[in-house]
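Colleague: Please read through the structure below; I'll follow up with questions.
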Amino acid sequence: MNFYLVIALFVLAGVLILKGVRIVPQAENWIVERFGQYRVTLQAGLNLINPFFSRVVKKIDIREQLIDMPSQSIITADNATVNVNGVVFFKIMDPYKAFYGIDHLEFGIQSLAQTSLRAIMGKLTLDESLSKRDKINSELLAILDDATDAWGTKITRVELQDIDPPADIKDAMASQMKAERNKRAQILEAEGQKQSAIEKAEGMKRSAILKAEGEKEAAELEAEARERLAQAEAKALEMVAESLKVVKGDPMMYLLGQEYIKKMGDLAGSPNSKFVVLPSDLQQTIRGIFEKK
């Protein structure tokens, strides 16, 4: 009899341990009720509860979670209909509020997100809806985060996935985009031609300036050379005059004779000359160069 009693006690102790000891995973919180009332929230790790009157009524995941917003039709401010879908990321911060504050938390967030998105995009035109996606995400995040605070939930991120306008609007947008691209291409081509013409004109201008500067420099060099030649000739004449003073010769006659002899040499060297007739007074002419009359 005592043997069976011991076994019964061991079995009862085992049942009490199994029902009273709760090991909660790291990413969860458990809601415990006693006699139908909230008793405690079990944190991650080993926990003990009353095995007879307490029970776990909800296991809540406290990790960041994702809710998909199904595609819905929205009419913009300029009466264009677009199909929009997206995702909402949230995290439960207070398991008590998340369980007792609302029934079907995820469905509530999804419904609130869809209605709020319709209200936001209904104030925007189609072009604004397509170009201001970040602004829409920010406004929707602020609305959801404020509304779900009473549910112990934090909205961490909202992202619109697709904003799909009707086919006729897509075709019109494609035509407009093509026209804009052609316009930009024509503008770029015109700008290129304009720049090319400017550069060509600048090149011609620079070339003309360089040519003029070169001609000016050449003229200056030529004038300088002529001046130096004249100075050399003057010096030579001065030296000749000094030399002729010794023999009492006439410098003018010397110069004329020198030019006379040079021209006779040019005449003799001409390819058209068959023979050269020298004047009979050539010796007298040469002698007159060094003699003063």
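Using this note's numbering, the first residue of the sequence shown is number 154, and each one after it goes up by one.
Backbone N, C-alpha and C define an ideal beta-carbon position, used for all residues, glycine too.
All values derive from a computational prediction rather than experimental measurement.
Could you check how far apart the C-beta atoms of Ala-233 and Ile-289 are, in whole angstroms? I think they sit under 8 Å.
Modeller: With 8 Å as the limit, Ala-233 and Ile-289 do not qualify as a contact, their Cβ atoms being about 15 Å apart.
Colleague: Please work out which residues of its chain come closer than 7 Å, Cβ to Cβ, to Arg-192, disregarding the five sequence neighbours upstream and downstream, and give them in chain order.
Modeller: These residues qualify, in order along the chain: Val-185, Glu-186 and Ser-207.
Colleague: I'd like the span of the alpha helix (DSSP H) that includes Glu-259, first residue to last.
Modeller: Per DSSP, Glu-259 belongs to the alpha helix (DSSP H) from 258 to 274.
Colleague: Any contact between the segment 205 to 219 and the segment 229 to 249? By contact I mean 3 or more CB pairs, one from each, below 8 Å.
Modeller: Yes, the segment 205 to 219 is in contact with the segment 229 to 249.
Colleague: Quick check on DSSP: helix, strand or coil for Lys-445?
Modeller: For Lys-445, the predicted model reports a pLDDT of 48, less than 50, meaning its position is unreliable; a value from the coordinates is still stated below. In the structure shown, Lys-445 sits in coil (DSSP, three-state: anything other than H, G, I, E or B).
Colleague: Is it a yes or a no for the segment 278 to 289 touching the segment 218 to 226, going by three-plus beta-carbon pairs under 8 Å?
Modeller: No, the segment 278 to 289 is not in contact with the segment 218 to 226.
Colleague: Taking DSSP as the reference, what is the three-state secondary structure of Lys-369?
Modeller: Helix.
Colleague: Mind pulling the alpha helix (DSSP H) runs of 4 or more residues that sit fully within the segment 274 to 330?
Modeller: Within the segment 274 to 330, the complete alpha helix (DSSP H) runs of at least 4 residues are 279 to 284 and 286 to 300.
Colleague: Please report the straight-line C-alpha distance between Leu-363 and Gly-356, rounded to a whole angstrom.
Modeller: Straight-line Cα distance between these residues: approximately 10 Å.
Colleague: Kindly indicate which residue of Lys-307, Gln-329 and Glu-375 has the alpha-carbon position closest to the one of Val-241.
Modeller: When only C-alpha atoms are compared, the closest one is Lys-307.
Colleague: Apply the 10 Å Cβ neighbour rule to Thr-229 and answer buried if 16 or more other Cβ atoms are within range, or exposed otherwise.
Modeller: Buried, because 16 or more other Cβ atoms sit within 10 Å of the Cβ of Thr-229.
Colleague: Mind checking who Met-222 pairs with in its DSSP beta bridge?
Modeller: The partner list for Met-222 (beta bridge, DSSP) reads Gly-239.
Colleague: Span of the alpha helix (DSSP H) holding Pro-487?
Modeller: The shown model of the chain, from 154 to 446, leaves out residue 487, and the question about it has no answer.
Colleague: When you compare the CB positions of Gly-167 and Lys-250, do they come within less than 8 Å of one another, or not?
Modeller: Result no, Cβ atoms of Gly-167 and Lys-250 do not sit closer than 8 Å.
Colleague: Taking Cβ to Cβ, would you say Val-174 is nearer than 8 Å to Leu-195?
Modeller: Not in contact: Val-174 and Leu-195 (Cβ atoms no closer than 8 Å).
Colleague: What are the boundary residues of the beta strand (DSSP E) that includes Glu-186?
Modeller: Glu-186 -> beta strand (DSSP E) spans 181 to 187.
Colleague: Helix or strand or just coil, what does DSSP make of Asn-203?
Modeller: Note: Asn-203 maps to coil in three-state DSSP.
Colleague: Quick check on Ala-266: buried or exposed, where buried means 16 or more other Cβ atoms within 10 Å of its Cβ?
Modeller: Buried, since its Cβ has 16 or more Cβ neighbours within 10 Å.
Colleague: What are the start and end residues of the beta strand (DSSP E) that includes Thr-194?
Modeller: Element bounds for Thr-194: 190 to 195.
Colleague: Rank Leu-158, Glu-259 and Ile-160 by C-alpha distance to the C-alpha of Glu-217 and give the top, closest one.
Modeller: Looking at the Cα atoms, Glu-259 is the closest of the given residues.
Colleague: Classify Arg-175 as helix, strand or coil using the three-state DSSP reduction.
Modeller: Strand, per DSSP.
Colleague: In three-state terms, what does DSSP make of Arg-379?
Modeller: Residue state, collapsed to three classes: helix.
Colleague: When DSSP builds the beta bridges, which residues end up paired with Thr-229?
Modeller: BP columns for Thr-229 are empty, so no partner.
Colleague: Where does Arg-216 sit, in a helix, a strand or coil, going by DSSP?
Modeller: Arg-216 falls in the coil class under three-state DSSP.
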